[in-house]
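>
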Amino acid sequence: MKVYILATFLLFAFKQAPAQRYQEDNKVAESDLFRVTIPIKNDFKDQHIKSISLLFGSDTLRLATVRPDSTDSSYIQNNFLQSAFASKNRFYDLGFEADYYVFKNNYPQIQVPKTPDARRMKFAVNGNIETIKHYSISEIRMYTDSTTFIYTHGYKWNEKSYFGFPAKYKENLEDVEDQISRDMKSSHSDVSIDSVLVYEAVISLTETEIGRTREEEFELKRLLFGRESAFSTVVEKNLKARKINYYNDGKSKWTAAILATSGRPFESKIKVYVRLNKDRSVTIKLPRMLGNFTGD
19 MKVYILATFL LFAFKQAPAQ RYQEDNKVAE SDLFRVTIPI KNDFKDQHIK
69 SISLLFGSDT LRLATVRPDS TDSSYIQNNF LQSAFASKNR FYDLGFEADY
119 YVFKNNYPQI QVPKTPDARR MKFAVNGNIE TIKHYSISEI RMYTDSTTFI
169 YTHGYKWNEK SYFGFPAKYK ENLEDVEDQI SRDMKSSHSD VSIDSVLVYE
219 AVISLTETEI GRTREEEFEL KRLLFGRESA FSTVVEKNLK ARKINYYNDG
269 KSKWTAAILA TSGRPFESKI KVYVRLNKDR SVTIKLPRML GNFTGD
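Take the sequence shown: its letters are residues 19 to 314, numbered as in this note's numbering.
#1: Using only the alpha-carbon positions, how far apart do Asp-247 and Arg-159 sit?
#2: Can you tell me whether Asn-263 is buried or exposed, with buried defined as 16 or more other CB within 10 angstroms of its CB?
#3: Going by C-alpha distance, which of Gly-172, Val-84 and Asn-124 is nearest Tyr-161?
#4: Count the other CB atoms, across all protein chains shown, that sit within 10 Å of the CB of Asp-117; report buried if there are 16 or more and exposed otherwise.
#5: Would you call Ala-278 buried or exposed, if buried means 16 or more other Cβ atoms sit within 10 Å of its Cβ?
#6: If you follow the beta strand (DSSP E) that Asp-111 is part of, which residue opens it and which one closes it?
#7: Considering Cα atoms alone, identify which of Ile-168, Asn-107 and His-152 is closest to Pro-131.
#8: With a 10 Å radius around its C-beta and 16 neighbouring C-beta atoms as the bar for buried, classify Asn-97 as buried or exposed.
#9: Looking at the secondary structure, which residues open and close the alpha helix (DSSP H) in which Leu-257 lies?
#10: Below 8 Å, can you find three or more Cβ-Cβ pairs linking the region 269-278 to the region 67-77?
#11: Mark Glu-237 as exposed unless 16 or more other C-beta atoms lie within 10 angstroms of its C-beta, in which case mark it buried.
#12: Using the three-state DSSP reduction, which class does Met-202 fall into: helix, strand or coil?
#13: Within a Cβ cutoff of 6 Å, which residues of the same chain sit near Phe-121, ignoring the five residues on either side of it in sequence?
#14: With Lys-303 and Phe-114 assumed to form a contact (beta carbons below 8 Å), what rounded beta-carbon distance in angstroms separates them?
#15: Report the three-state DSSP secondary structure of Val-84 (helix, strand or coil).
#16: Could you work out which residue in Ile-58, Arg-293 and Ser-286 is closest to Thr-166 when comparing CA atoms only?
#17: Pull up the distance between the alpha-carbon of Pro-36 and that of Val-214, whole angstroms please.
#18: Tell me, which residues are paired with Lys-132 by DSSP?
#19: Can you check which of these residues, Ile-56, Leu-99, Phe-62 and Ser-105, is closest to Val-220 by C-alpha distance?
#20: On the CB-based measure, 16 or more other CB atoms within 10 Å of its CB, does Pro-305 come out buried or exposed?
#21: By a C-beta neighbour count over all protein chains shown, 10 Å radius and 16 as the cutoff for buried, is Thr-170 buried or exposed?
#22: Can you have a look at Lys-106 and say buried or exposed, based on whether 16 or more other CB atoms are within 10 angstroms of its CB?
#23: Using the Cα positions of Leu-223 and Val-300, report the straight-line distance between them to the nearest angstrom.
#24: So which of Ser-91, Arg-80, Tyr-125 and Gln-95 has the shortest CA-CA distance to Asp-61?
#25: Please report the distance separating the alpha-carbon of Tyr-187 from that of Ala-259.
#26: Take Ala-47 and list the residues in its own chain whose beta-carbon comes closer than 6 Å to its own, dropping the five residues that flank it on each side.
#27: On a Cα-Cα basis, can you pick out the residue from Gln-127, Met-202, Asn-310 and Tyr-265 that is closest to Asp-64?
#28: Does the beta-carbon of Arg-282 have 16 or more other beta-carbons within 10 angstroms, so that it is buried, or is it exposed?
#29: So, are the CB atoms of Leu-191 and Tyr-217 less than 8 Å apart?
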């Protein structure tokens, strides 16, 4: 079967590199962009998925974005955090263990497609002079009926969050890790080593009665990855504990996500990565960056 490749070359100065909706300082003067679109079927195993984008930096897969079919309002309503922002997608920072495990678990069928070689391209400049430009893969966009490979020239990867800053824990997470580790040792439970759990939580903003100021609240929602066990029981007990989430005066130990454009806090989801190590110590990690306006 003959496969037809539609290649379009766009040579222009542009202000936003393909991955810049996730990073802040990715402006490169007079960068070049080269697209190759291949009409090929992609089976996402989920009728609600419209497209999946894989983003690269220095030829390394860095991020993934799963976009739903926005016409299915009931699916959007039931599966995404509702906010004032119409855009909904699932963002995965593949350098953050929680996102990596959840993405691989939810989309095991997604493999990085074989990338057409377009690293060295010759172009005529000023009519006669020939120059060679080196391109690197920047993004792969997968649709149900095609896959588009996007290459860039002169693009430098930057991991700064473009949307803003994710929700953060104000205190030292090591104290929470130590508490969970102590509880596990005292429980004498026989839990398999290297247990990994990923939880979904929401950092919400509530109006207080005095002064109408807004205050953050942490709510543990569900287990996204891992299995229920004595370890998960201990972890959930600690993550829900009032002393973990609030100071003695009742103020929250969490800060909400911050919008880059306005500096205002907003409600968002976060993933909480918890690992029981071989030596029975515990590691907790929170998101490194904010990839959309809901934290999904």
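Note that beta-carbon positions come from the ideal geometry of N, C-alpha and C, so glycine has one too.
Short version:
#1: Correcting the residue type first, residue 247 is Ser in the shown sequence and not Asp. When rounded, the distance between both Cα atoms is 38 Å.
#2: When all chains shown are included, Asn-263 counts as buried.
#3: If we check each option's Cα against that of Tyr-161, Val-84 comes out closest.
#4: Buried, because 16 or more other Cβ atoms sit within 10 Å of the Cβ of Asp-117.
#5: Exposed, by the Cβ-count rule.
#6: That run of the beta strand (DSSP E) goes 108-111.
#7: If we check each option's Cα against that of Pro-131, Ile-168 comes out closest.
#8: By the neighbour-count rule (16 or more Cβ atoms within 10 Å), Asn-97 is not buried but exposed.
#9: Leu-257 -> alpha helix (DSSP H) spans 248-258.
#10: Pairwise C-beta distances place the region 269-278 out of contact with the region 67-77, as fewer than three of them are shorter than 8 Å.
#11: Burial call: exposed.
#12: Looking at Met-202 - three-state DSSP - the assignment turns out to be helix.
#13: Closer than 6 Å at Cβ, skipping near neighbours: Ala-82 and Tyr-110.
#14: Contact holds; Cβ gap of about 7 Å.
#15: Val-84: strand per DSSP, three-state reduction.
#16: Comparing Cα positions, the closest option is Ile-58.
#17: Confidence at Pro-36 is low in this model, with a pLDDT of 34, below 50, so its placement is unreliable and the value that follows should be read with caution. Straight-line measurement puts the Cα of Val-214 at about 33 Å from the Cα of Pro-36.
#18: Answer by DSSP bridge pairing: none, since Lys-132 is not bridged.
#19: If we check each option's Cα against that of Val-220, Leu-99 comes out closest.
#20: With 16 or more other Cβ atoms from the protein chains shown falling within 10 Å of its own Cβ, Pro-305 counts as buried.
#21: Thr-170 comes out buried.
#22: The residue is buried, with at least 16 neighbouring Cβ atoms inside 10 Å.
#23: Here the alpha carbon of Leu-223 sits roughly 29 Å from the alpha carbon of Val-300.
#24: Minimum Cα distance to Asp-61 is reached at Tyr-125.
#25: Cα to Cα, the separation comes out at about 14 Å.
#26: Per-residue confidence for Ala-47 stands at a pLDDT of 36, beneath the threshold of 50, marking its modelled position as unreliable; the derived number appears in the next sentence. Nothing listed; no residue qualifies.
#27: The candidate whose alpha carbon is nearest that of Asp-64 is Gln-127.
#28: By the 10 Å Cβ count, Arg-282 comes out exposed.
#29: Taking 8 Å as the Cβ cut-off, Leu-191 and Tyr-217 do not qualify as a contacting pair.
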